[in-house]
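Every number in the working numbering is 72 more than the matching position in the sequence shown, counting from 1. We put the CB at the ideal spot given by N, CA and C, even for glycine. Keep in mind it's a predicted model, so treat the numbers as computed, not measured.
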Amino acid sequence: MNAGENYPEINRLWGKNWFPFGRKKVLFISPKKENVCSSLTKKGENKQLDGVPAKRKPILSPQSIDLRIMFSRIHHAQSKVFVRCIRSMPPFGYKPPPYKGKSFEEIMKVRGEHVFPMVTYYKNPVMITDGKMQYLWDEKGKRYLDMIGGIVTVSVGHCHPHVVEAATKQMEKLQHTTSIYVYPEIEEYADMLQSRLPKGLDCCFFANSGSEANDLAMLVARMHTGNHTILGLKNGYHGVSPTAMGLTALHTWKFPLPQGGNIQHVMAPDPYRGLFGGHRMDTDGKVSEFIPGPCLPKETDDLKAADLYAADVRATIDGSTSGGVAAFFSEYIQGVGGTMQQTQGYLERAYKMVRAAGGLCVSDEVQCGFGRLGHTFWGFETQGVVPDMVTMAKGMGNGFPMAGVVTSKEIAQVMRKRLHFNTFGGNPVACAVGKAVLEVIDEEKLQERAKTVGKYFGQRLMDLQKKHEVIGDVRGMGFMWGVELVKDRKTKEPANDLCADVFELAKDHGVLLGKGGLKGNVFRIKPPMCITKDDADFVIDVMDHCLKEFNH
Numbered sequence: 073m074n075a076g077e078n079y080p081e082i083n084r085l086w087g088k089n090w091f092p093f094g095r096k097k098v099l100f101i102s103p104k105k106e107n108v109c110s111s112l113t114k115k116g117e118n119k120q121l122d123g124v125p126a127k128r129k130p131i132l133s134p135q136s137i138d139l140r141i142m143f144s145r146i147h148h149a150q151s152k153v154f155v156r157c158i159r160s161m162p163p164f165g166y167k168p169p170p171y172k173g174k175s176f177e178e179i180m181k182v183r184g185e186h187v188f189p190m191v192t193y194y195k196n197p198v199m200i201t202d203g204k205m206q207y208l209w210d211e212k213g214k215r216y217l218d219m220i221g222g223i224v225t226v227s228v229g230h231c232h233p234h235v236v237e238a239a240t241k242q243m244e245k246l247q248h249t250t251s252i253y254v255y256p257e258i259e260e261y262a263d264m265l266q267s268r269l270p271k272g273l274d275c276c277f278f279a280n281s282g283s284e285a286n287d288l289a290m291l292v293a294r295m296h297t298g299n300h301t302i303l304g305l306k307n308g309y310h311g312v313s314p315t316a317m318g319l320t321a322l323h324t325w326k327f328p329l330p331q332g333g334n335i336q337h338v339m340a341p342d343p344y345r346g347l348f349g350g351h352r353m354d355t356d357g358k359v360s361e362f363i364p365g366p367c368l369p370k371e372t373d374d375l376k377a378a379d380l381y382a383a384d385v386r387a388t389i390d391g392s393t394s395g396g397v398a399a400f401f402s403e404y405i406q407g408v409g410g411t412m413q414q415t416q417g418y419l420e421r422a423y424k425m426v427r428a429a430g431g432l433c434v435s436d437e438v439q440c441g442f443g444r445l446g447h448t449f450w451g452f453e454t455q456g457v458v459p460d461m462v463t464m465a466k467g468m469g470n471g472f473p474m475a476g477v478v479t480s481k482e483i484a485q486v487m488r489k490r491l492h493f494n495t496f497g498g499n500p501v502a503c504a505v506g507k508a509v510l511e512v513i514d515e516e517k518l519q520e521r522a523k524t525v526g527k528y529f530g531q532r533l534m535d536l537q538k539k540h541e542v543i544g545d546v547r548g549m550g551f552m553w554g555v556e557l558v559k560d561r562k563t564k565e566p567a568n569d570l571c572a573d574v575f576e577l578a579k580d581h582g583v584l585l586g587k588g589g590l591k592g593n594v595f596r597i598k599p600p601m602c603i604t605k606d607d608a609d610f611v612i613d614v615m616d617h618c619l620k621e622f623n624h
């Protein structure tokens, strides 16, 4: 944010009156003396300043705005000024070399002429030229805290040295063969991966994206069961390939064309917006208090909401299929769909109904998997169930394109009915990267970090909700959080415009958030799992500041 655009009196003093004191910098202006100073303040407080010396040698230059000097509205009272401030971005021991490539304008021109249209964040897009762990830098050297992790993909940190080293060593030895030859890397990684899954989920196939993985899982389910109908949850996202697009249940991601036939969507077990409310797993890994819904304002039996949501699975099988189904797909926490967290007990009931209809149960772990939730390594484990197939991608490769389907050896044999392989899936480099990611998660105890730092961050988000009426709901666990903005907590009308404004301003202050939900009113907060409590505090302060700025 350019101070001069909003505060002429600040712009007039810019460049000669910034002074550091302690860890925070505060701009002070007296209507009488026009003095500027800085003061250490406690988080969330306004410090009243006066008696400032008329002249003092400047210490901070105008470029110090990159040190995260931030402020909001100026409050005049008795000829004194109050300035609200937030903490600086945590220090980090890396500075990227100067960028020497094409300018932003040149890159955008080429993009407009020669690259397909794609989703791009921000009115003024950010051009990222460097990344290290939880931080990114643009071409001007400005640092950002990445709280969306390349859409929940950077799991252990941007350019993590162990992952980079593993990829480099493998590329120097053997880069590509495909499955027409035997190579040890794919078998070694498959053995390492299946050890993280329940017994019976022990046969792996590797691909390059979550869309590919879900496409294959649908094919396998249909071939194995002999049934054709696939069930998915409303509000779910499973990819945008022609087949996976049919399983996705968000119209903003669905082109107006025929998509993956024989797919039905059932009611999402959403405790916040669903008809029956429900229970979630909380930050301690325990079942939360009941959240009332319009058709179940008060729960009378344990997990009654789960029964009512699951009843729609039974009704859909009875009324919209021939009586048999091939598979049921679900995400424990719907990522693109606004971080909807399933009500506890739902999957146990839904899985029982699907299996009774001859179908397989598939857990889409593309976003939830690999320790991100903290208390569990996989999302399905929070519900105490074991699926028949698991699909995975994103954090699996920490940004390297890789994905997988894991099922039982018996189910996997269906692929013998035709020739099948994947040109790039499970190539030696991908497998080396996958192994390195699992090693980092273990050695750096990142799942435990997701549990402890994630709990701290979640509690701070809930405290923020108490301060801001526009925050209708905070949900999630570990390093997977959603913050939903509403105009009214009773009607739950989406505050998508406010969400967009805060989203933009947070970027200017160095925090890159995600945004999702059908109405675009939910912040998706899913950072690399290496973030710290200091990072969490910085994000909270920035969000607090931005919400105050737009929602006085």
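Q) Which stretch, first to last residue, makes up the alpha helix (DSSP H) that contains T388? A) If you number the sequence shown from 1, residue 388 lands on position 316. First-last of the alpha helix (DSSP H) with T388: 376-392.
Q. Does DSSP put G395 in a helix, a strand or coil?
A. Position 323 of the sequence shown holds residue 395. Reduced to three states, the DSSP call for G395 is coil.
**Q.** Contact check, T411 vs G548, beta carbons under 8 Å
**A.** Working through the sequence shown from its first residue, we reach residue 411 at position 339. Working through the sequence shown from its first residue, we reach residue 548 at position 476. Yes, these two residues count as a Cβ contact at 8 Å.
Q: Answer yes if the stretch 519-527 comes into contact with the stretch 491-501, meaning at least three C-beta pairs across the two stretches below 8 Å, and no otherwise.
A: no
(Q) Helix, strand or coil for E643? Go by DSSP, reduced to three states. (A) No statement about residue 643 is possible, as the shown extent of the chain runs from 73 to 624 and does not include it.
Q | Segments assigned beta strand (DSSP E), at least 3 residues, entirely inside the stretch 453-533 | A | 461-464, 475-479
Q) Whole alpha helix (DSSP H) runs in the stretch 580-608 with 4 or more residues, listed along the chain? A) none
Q. Do the stretch 242-262 and the stretch 430-446 touch if we need at least three Cβ pairs shorter than 8 Å?
A. no
Q: Measure the alpha-carbon distance for R532 versus K559 and round it to whole angstroms.
A: Reading the sequence shown from its first residue, position 460 is the one you call residue 532. Reading the sequence shown from its first residue, position 487 is the one you call residue 559. If I take the Cα positions, the gap works out to 21 Å.
Q | Residue nearest to G365 in terms of C-alpha spacing, selected from G357, P343, A383 | A | Walking along the sequence shown from the start, residue 365 turns up at place 293. Ranking G357, P343, A383 by Cα distance to G365 puts P343 first.
Q) By how many angstroms is the C-alpha of G298 removed from the C-alpha of V397? A) Position 325 of the sequence shown, counted from the start, is the residue given in the question as residue 397. Position 226 of the sequence shown, counted from the start, is the residue given in the question as residue 298. Cα to Cα, the separation comes out at about 9 Å.
Q: Determine, using beta-carbon pairs with one atom in the stretch 418-426 and one in the stretch 479-487, whether at least three such pairs fall under 8 Å.
A: no
(Q) Given a cut-off of 8 Å on the beta-carbon distance, is the pair R596 and G582 in contact? (A) Within the sequence shown, numbered from 1, the residue matching residue 596 stands at position 524. Within the sequence shown, numbered from 1, the residue matching residue 582 stands at position 510. Not closer than 8 Å, so no.
Q. To the nearest angstrom, how far is it from the Cα of P197 to the Cα of F400?
A. Indexing the sequence shown from 1 puts residue 197 at position 125. Indexing the sequence shown from 1 puts residue 400 at position 328. Cα to Cα, P197 sits roughly 38 Å from F400.
Q | Cut-off 7 Å between Cβ atoms - residues of its own chain near G471, not counting five sequence neighbours on either side | A | Translated into positions along the sequence shown, residue 471 becomes position 399. Result list for G471: G222, T225, V226, in chain order.
Q | Buried versus exposed, by CB contacts within 10 Å (16 or more), V254 | A | Locating residue 254 in the sequence shown gives position 182, where the first residue counts as 1. By the 10 Å Cβ count, V254 comes out exposed.
**Q.** Short Cβ contact (8 Å threshold) for D545 with E556
**A.** Against the sequence shown, residue 545 aligns to sequence position 473. Against the sequence shown, residue 556 aligns to sequence position 484. For D545 and E556, yes; Cβs fall inside 8 Å.
**Q.** Option nearest S20 by Cα separation, candidates L217, P170, V478, A572
**A.** One cannot answer for residue 20 here, as it falls past the ends of the chain, which runs 73 to 624.
Q | Length of the line joining the Cα atoms of L322 and L590 | A | Translated into the one-based positions of the sequence shown, residue 322 becomes position 250. Translated into the one-based positions of the sequence shown, residue 590 becomes position 518. Those two C-alpha atoms are separated by around 7 Å.
Q: Kindly give me the distance between the Cβ atoms of A316 and N286, rounded to whole angstroms, as I take these residues to be in contact under 8 Å.
A: What you label residue 316 is simply residue 244 of the sequence shown in a count that begins at 1. What you label residue 286 is simply residue 214 of the sequence shown in a count that begins at 1. Confirmed, Cβ separation roughly 5 Å.
Q) For the candidate residues Y194, D384, F362, whose alpha-carbon lies nearest to that of D374? A) The residue you call residue 374 lines up with position 302 of the sequence shown. Out of Y194, D384, F362, F362 has the C-alpha closest to the C-alpha of D374.
Q) Can you list, in chain order, the residues of its chain whose CB lies under 7 Å from that of M295, leaving out five sequence neighbours each side? A) As a position in the sequence shown, residue 295 is number 223, starting the count at 1. Excluding positions up to five away in sequence, the list reads V486, K489.
(Q) Between E621, K562, P600, which has its C-alpha nearest F575's C-alpha? (A) Residue numbering aside, residue 575 sits at position 503 when the sequence shown is read from its first letter. For F575, the nearest C-alpha among the options comes from E621.
(Q) Quick check on DSSP: helix, strand or coil for S435? (A) Taking the first residue of the sequence shown as position 1, residue 435 is located at position 363. In the structure shown, S435 sits in a strand (DSSP, three-state: E or B).
**Q.** C-alpha distance - V191 paired with A572, whole-angstrom precision
**A.** Locating residue 191 in the sequence shown gives position 119, where the first residue counts as 1. Locating residue 572 in the sequence shown gives position 500, where the first residue counts as 1. Using only the alpha carbons, I get a separation of about 15 Å.
Q: Counting only runs of 3+ residues fully inside the stretch 184-263, write out the beta strand (DSSP E) ranges in chain order.
A: 200-204, 207-210, 215-218
Q) Curious, which full-length alpha helix (DSSP H) runs of at least 4 residues does the stretch 293-343 contain? A) 316-319
**Q.** Pairwise C-alpha distance: L303 and A293
**A.** Against the sequence shown, residue 293 aligns to sequence position 221. Against the sequence shown, residue 303 aligns to sequence position 231. Their Cα atoms are separated by approximately 11 Å.
Q. At a cut of 8 Å, does the stretch 458-472 reach the stretch 323-340 through at least three beta carbon pairs?
A. no
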